[in-house]
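Notes to accompany the following structure.
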Amino acid sequence: MRKLLLYLIIITTGIVFIARLFYLQIYNTSFAALSEDNAIKVLYDYPQRGAIYDRNGKLLVTNQPSYDVMVIPRELKPFDTLEFCSILKISKEKLVNQLHKARVYSPRVPSVVIPQLTKDEYAYLQEKMRKFDGFYIQKRSLRDYHTESASNVLGYIAEVNDGLIKKDPYYLSGDLIGMQGVEKQYENELRGLKGIKRIQKDRFNRDIGPYKNRKYDTLPVNGKDLTITIDEELQSYGQKLMENKRGGIVALDPSTGEILTLITAPSYKPELLVGRKRSPNYTRLHYDSISKPLFDRGVKGEYPPGSPFKAITALIGLQEGIVDTKESFSCNHGFRYGKKAKLGCHSHRSPLSMIPGIAQSCNAYFANVYLRSINKYDTPQEGIDNWKKHVESFGLGNYLGNDLSSGSKGLIPNSKFYNKQYKYPTYKWYATATISNAIGQGAVLATPIQLANMTAAIANRGYFYTPHIIKAIDGQPINIENFTKPKYTTINKEHFEPIIEGLHQVYTQGTAKSLQIEGIDICGKTGTAENYTKVNGERMQLTDHSVFIAFAPKDDPKIAIAVFIENGYWGSRYAGKIASLMIEQHIKGSISRTDLEDWVLTHSLEEEYAKPYSGEPFKINQ
Amino acid sequence: MARSTIVAIDWLTVLLFLLLIGFGWGNIYSASYGDEVFSLTDFSRPYVKQLYWIALSVIIIIITQAIETKFYERFAGLIFVISIASLLGLFLFGKNVNGATSWYAFGPVGLQPSEFAKAATALALAKFLSDMQTNINLINHQLRAFLIIALPALIIIPQPDPGSALVYAAFFFPLYREGLAATYLIIGASAGTLFILTLLFTPLWVVLGIGIIMLMILIKNRKHKPRYSRYLLTLIVITGFCFSVNYIFNNVFEQRHRDRFNIVLGKEVDSKGIGYNTNQSQIAIGSGGWTGKGWKEGTQTKGGFVPEQHTDYIFSTVGEEWGFLGATTVVILFIGLLIRLLYLAERQKSQFSRVYGYSVVGILFVHFVVNVGMVTGLLPTVGIPLPFFSYGGSGLWGFTLLLFIFIKLDSNRVNEW
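Top line first, the protein sequences correspond to chains A and B. Following numbering that gives the first Met the number 0, the numbering of the first sequence begins with 0 at its first residue and continues without gaps. Following numbering that gives the first Met the number 0, the numbering of the second sequence begins with 0 at its first residue and continues without gaps.
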């Protein structure tokens with residue numbers, strides 16, 4: 000018994016120790032991480048972010064060096080804060096605050112104290128750096144812009160926020176990430192890969208050489224250069240034309256879906272969002288809630304498309320077989336569909352068939368066609384849903400699936416929409432209740448890029464390529480099926496010719512007669528879209544939006560364009576002129592009609608935009 | 000040496016010894032090498048020195064095996080006296096290393112007499128207990144046995160080296176084997192349990208809890224006319240003990256001692272201060288995983304995060320670089336050696352050899368438990384080496400001497416009657 004007890008004690012001890020070892024080494028995994036943390040220092044080597052070129056190889060964005068002052072809080076030693084602050088031109092409170100934040104974030108992991116010093120600030124600080132233990136300088140690169148336009152397309156880069164760091168462990172405090180536009184969408188291509196150097200440390204936190212003979216170290220991989228589809232010259236020109244106006248211009252190459260220009264106005268210079276001045280500038284732009292310079296109207300602005308939509312109404316009519324090109328409808332300053340209900344129209348000769356109907360933009364003609372295509376079906380619900388199916392095949396009413404970092408769906412109503420609006424089945428509704436859709440008003444909303452895409456689909460006689468911004472990565476042209484495979488509309492090819500003829504006559508004898516360009520066959524459509532806004536909770540009607548779509552040349556389309564000018568009144572007043580100039584610039588490379596150009600450049604709509612905020616009663620459509 | 004003696008040597012024990020020494024040196028090498036080229040003449044390196052210590056221990060082994068068994072028994076008293084004298088001599092000629100005056104310096108070489116005193120004490124105790132006239136059940140003889148054990152311990156404590164003094168608790172093993180009443184064991188175990196309970200909770204709660212338990216036992220046994228006075232006396236003694244433990248802990252102990260207990264009991268978390276060693280050692284072991292980071296690949300070991308890693312904390316290197324499998328192997332080797340020695344001790348025909356054998360088991364066991372317990376964070380920090388593993392010449396020689404005297408005694412058992 001006595002002998003046994005000693006054996007027992009010894010064996011029990013052995014079991015207890017093995018159990019303890021099992022707990023420490025196998026069961027509890029936190030030790031391995033702790034070990035990693037305290038024995039290895041990780042240094043990062045930041046690669047060059049990829050450059051961005053325009054479609055003609057013009058350099059748009061490169062890099063410039065920048066220097067961040069970093070701190071590892073637990074390595075801080077007392078230092079001359081006064082000197083430190085005066086070198087960096089910051090207040091002591093700010094320094095104390097930053098150091099506190101860094102310590103809370105992690106005592107061992109580096110945090111940024113002062114981001115993005117310029118070269119000069121860095122040169123001065125570098126000499127003094129040895130006095131400040133625990134601080135070091137991390138070199139990064141900032142963007143350097145060689146263009147003053149396209150800021151909405153290019154986007155910008157900024158320091159990652161805490162949320163992003165948690166989501167993707169690749170990013171560390173102070174790292175830069177694309178926040179908008181191409182920079183955001185192609186972040187992974189542009190950023191490259193950080194190089195990692197691991198340094199073995201001893202317990203005094205001294206470096207004692209590379210960890211495992213650099214076995215796990217990696218070299219930085221430079222970011223890839225992007226070529227985007229934008230034509231910088233055209234983009235800049237469009238932006239110049241848009242000065243003192245609000246709205247968007249989107250121009251596509253119908254044969255590829257490449258976005259030639261994506262203009263929003265008002266805009267800002269891309270260099271405003273670089274470096275230390277990024278934050279105050281961004282705040283200023285962000286809080287301009289009236290002109291909204293950060294709001295990309297080209298892809299996010301949802302407007303009633305107005306008359307250009309009539310082309311779709313006509314195409315659906317032909318496809319559904321409820322009208323042919325010869326039938327005429329009369330117009331008596333509008334279309335009467337109820338006792339007091341009337342869709343008004345301007346004065347023109349009457350009656351009109353399809354082609355002059357488009358050229359003269361007769362509301363009554365399209366109201367008739369629209370009603371027939373809905374009423375062809377037993378119920379207005381079926382009719383509307385069938386209509387929507389056709390409309391959507393032009394890329395309207397939904398995201399286009401492009402490679403832009405933002406966008407809007409627009410709106411193409413379906414039966415559910417009207418059932419809800421008219422409280423069906425308590426009340427019934429009929430096709431006439433949705434009559435405004437015929438002329439692109441009512442519930443229909445579209446973004447400029449959707450309209451440009453719709454125009455491209457018409458130009459191509461029935462198909463389009465999803466609009467996209469990427470042309471080549473590191474010189475290799477992209478091969479993304481979504482962008483290289485045509486998407487067909489529900490309308491047969493042969494129905495497009497009369498519509499295109501109508502659109503051509505808009506220029507030769509219709510609403511845009513004054514905007515012809517010598518030697519180019521243009522097809523286009525003016526639009527004048529009624530719109531409303533809310534100022535201080537009060538709904539009021541504003542001056543109509545000036546809308547224009549066009550493509551050219553007629554038989555071999557090289558450009559499809561949509562122009563929206565907020566409160567520009569009728570279609571050819573602003574949008575038409577701008578579209579015409581853009582087409583001439585793109586196809587001819589220069590402008591012959593300098594008087595037209597001067598008119599656009601010298602006319603401002605700022606007064607118009609100030610009206611609703613003046614607090615005084617105002618008149619619209621003057 | 001006669002041929003028969005060599006055959007009679009317990010080669011299994013020798014094999015275990017060699018395995019531990021060899022693996023131990025490998026880990027010392029890993030824990031103390033830098034970027035330098037391996038050179039046998041670079042005496043600034045612990046692993047070089049340890050290699051020489053190991054080589055020289057062969058001399059000790061040969062001497063212990065050459066000496067007649069009778070010598071140990073006959074001169075046990077004298078050896079003990081010399082050993083005590085060498086311990087006392089430290090107060091006059093000792094060299095202060097790291098705050099402890101426990102070394103004699105011979106040029107660059109230091110010797111630690113306390114490492115050899117263990118073997119001497121074991122011999123003296125064996126001699127005393129094997130005396131025909133000694134009866135372990137007499138209080139008088141018990142006191143004398145305690146005196147032999149306590150004398151070196153009491154000299155070592157003020158050096159100060161409380162860790163080495165603690166080792167003398169190991170002589171419980173032979174005393175118990177030779178028939179010391181189990182009451183001592185029970186009292187010892189109870190006192191230890193109460194000590195920990197009092198630190199974990201307050202003395203009041205402990206006393207209250209025990210009171211309630213005793214009351215329940217009383218109620219259960221009331222039909223058998225329990226002796227109430229005994230219950231009461233026990234409770235009073237326990238109460239006194241608990242409160243005095245509380246008092247001693249808070250008023251007599253120094254803060255560093257309190258900290259060591261508090262950290263193990265989980266009452267304090269302080270990874271940078273006093274608990275740093277233990278914490279770093281646990282990180283090193285814990286980061287080893289199943290198979291470890293590989294020899295010389297331990298990041299914690301290489302970074303020198305664990306202080307005293309090649310001496311007292313050498314086991315953390317094993318844990319980090321050889322993982323669970325390696326560390327478990329070492330534990331099993333030790334348990335194997337201890338069980339083998341226990342078995343050998345029991346088969347001795349002479350009481351002298353048996354007591355000595357049990358002493359060897361006890362000493363190795365206490366070192367093993369206290370050291371591995373400390374390194375894995377199960378026990379408070381007490382700085383004593385892991386036998387055969389830790390760096391240190393005196394320690395290595397002391398353990399070698401201790402073990403091989405027993406191997407000699409064992410090999411001669413056939414001649415004992």
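Quick reminder that beta carbons are idealized off the backbone N, C-alpha and C, glycines included. Note that the structure is predicted; figures quoted are calculated from it, not measured.
In chain B, what lies closer than 9 Å to residue i by C-beta?
i      : result
A/Tyr2 : For the sequence presented, residue 2 of chain A should be read as Lys rather than Tyr. Going along chain B in sequence order, the residues near A/Lys2 (Cβ under 9 Å) are Arg176, Leu341 and Glu345.
Keeping to the same chain, check which residues put their C-beta closer than 8 Å to that of residue i; ignore five residues upstream and five downstream.
i        : result
A/Met128 : Phe134, Tyr135 and Ile136
A/Ile582 : Ile516, Ile519, Ile521, Ala549, Ala551, Ile558 and Ile560
A/Lys341 : Gly333, Phe334 and Arg335
A/Asp224 : Gly49, Ala50, Ile51, Tyr52, Ile472, Asp473 and Gly474
Going by other Cβ atoms of all chains shown within 10 Å of its Cβ, with 16 needed for buried, is residue i buried or exposed?
i        : result
A/Ser67  : The question names Ser, but residue 67 of chain A is Asp in the sequence shown. Buried.
B/Gly88  : exposed
A/Met453 : buried
B/Leu14  : exposed
A/Phe625 : With chain A covering 0 to 621 only, the question about residue 625 of chain A has no answer from this structure.
B/Tyr51  : exposed
B/Trp289 : exposed
A/Glu565 : buried
B/Thr12  : buried
A/Trp598 : exposed
Closest to residue i by CA distance: which of the options is it?
i        : options                                   : result
A/Gly451 : A/Ser352, A/Asp224 and A/Leu259           : In the sequence under discussion, the amino acid at residue 451 of chain A is Ala, which differs from the Gly named in the question. Minimum Cα distance to A/Ala451 is reached at A/Leu259.
A/Thr312 : A/Ser372, A/Ala340, A/Ala578 and A/Ser571 : A/Ser372
B/Val330 : A/Tyr6, A/Ile457, A/Tyr369 and A/Thr12    : A/Thr12
B/Phe333 : B/Leu363, B/Gly191 and B/Phe105           : B/Leu363
A/Leu192 : A/Ala250, A/Ala609, A/Gly343 and A/Val220 : A/Val220
A/Ser603 : A/Arg245, A/Asp555, A/Tyr169 and A/Gly162 : A/Arg245
A/Gln621 : A/Ala511, A/Asp224, A/Glu606 and A/Ser613 : A/Glu606
A/Pro279 : A/Ile490, A/Ala157 and A/Asp174           : A/Ala157
A/Gln504 : A/Gly523, A/Leu410, A/Ile248 and A/Glu493 : A/Gly523
Less than 7 Å between C-beta atoms, sequence neighbours within five positions excluded: which residues of the same chain meet that for residue i?
i        : result
B/Phe398 : Pro386 and Phe387
A/Ser508 : According to the sequence as given, residue 508 of chain A is Gln; it is not Ser. Around A/Gln508: Ala358.
B/Ala116 : Ser82, Leu86 and Pro151
B/Pro45  : Ile27, Ser31, His309 and Tyr390
A/Asp594 : none
A/Tyr170 : Val159, Leu163, Ile164 and Ile176
B/Ala119 : Ile78, Phe79 and Ser82
B/Thr197 : Val205, Cys241, Val244 and Asn245
Residue i versus chain A: which residues are under 8 Å apart at the beta carbon?
i        : result
B/Ala326 : Leu20 and Gln24
B/Gly288 : Gln24, Ile25 and Ala31
B/Ile338 : Tyr6, Ile9 and Ile10
B/Val368 : Thr12
B/Val330 : Gly13, Phe16, Ile17 and Leu20
B/Thr375 : Phe16, Arg19, Leu20 and Leu23
Near residue i, what residues of its chain come up, given a Cβ to Cβ distance below 6 Å and the 5 sequence neighbours on each side ignored?
i        : result
A/Trp184 : Reading off the sequence shown, one finds Gln at residue 184 of chain A, where the question assumed Trp. Asp402 and Ser404.
A/Thr228 : Arg54, Glu257, Ile258, Ile468 and Lys470
B/Gly326 : The residue asked about is misnamed: residue 326 of chain B is Ala in this sequence, not Gly. Excluding residues within five positions, the ones whose Cβ falls inside 6 Å are Val317 and Gly318.
B/Asp269 : Only weak support is given to the placement of B/Asp269: the predicted model assigns it a pLDDT of 49, under 50, and the value that follows is read from those uncertain coordinates. Same-chain partners within the cutoff: there are none.
A/Val649 : In the structure displayed, chain A extends from 0 to 621; residue 649 of chain A sits before or after that span and is not available.
Using the beta-carbon of each residue, which ones in chain A are nearer than 7 Å to residue i?
i        : result
B/Phe172 : Leu5
B/Gly25  : Those within 7 Å of B/Gly25 in chain A number zero; the least Cβ separation is about 19 Å.
B/Gln281 : Leu23 and Phe30
B/Ile334 : Ile9, Ile10 and Gly13
B/Gly285 : Leu23, Gln24, Asn27, Phe30 and Ala31
Check the Cβ of residue i against every Cβ in chain D and list those closer than 7 Å, keeping chain order.
i        : result
B/Gly106 : The structure shown contains no chain D; its protein chains are A and B.
Quiz item: In chain order, what residues of the stretch 354 to 365 of chain B put their CB closer than 7 Å to some CB of chain A?
Solution: Phe364
Quiz item: Quick one, which residues of the stretch 6 to 21 of chain A are near chain B if we go by CB-CB under 7 Å, in chain order?
Solution: Tyr6, Ile9, Ile10, Thr12, Gly13, Phe16, Ile17, Arg19, Leu20 and Phe21
Practice problem: Give the residues from the stretch 175 to 198 of chain B that approach chain A closer than 9 Å (Cβ to any Cβ), ordered along the chain. | Solution: Tyr175, Arg176, Gly178, Ala181 and Leu184
Quiz item: For the stretch 311 to 323 of chain B, which residues have a CB atom closer than 9 Å to at least one CB atom of chain A, in sequence order?
Solution: Gly318, Glu319, Gly322 and Phe323
Self-check item: Proximal residues, the stretch 229 to 259 of chain B versus chain A, C-beta separation under 8 Å
Solution: For the stretch 229 to 259 of chain B, which is checked against every Cβ of chain A, not one residue is closer than 8 Å.
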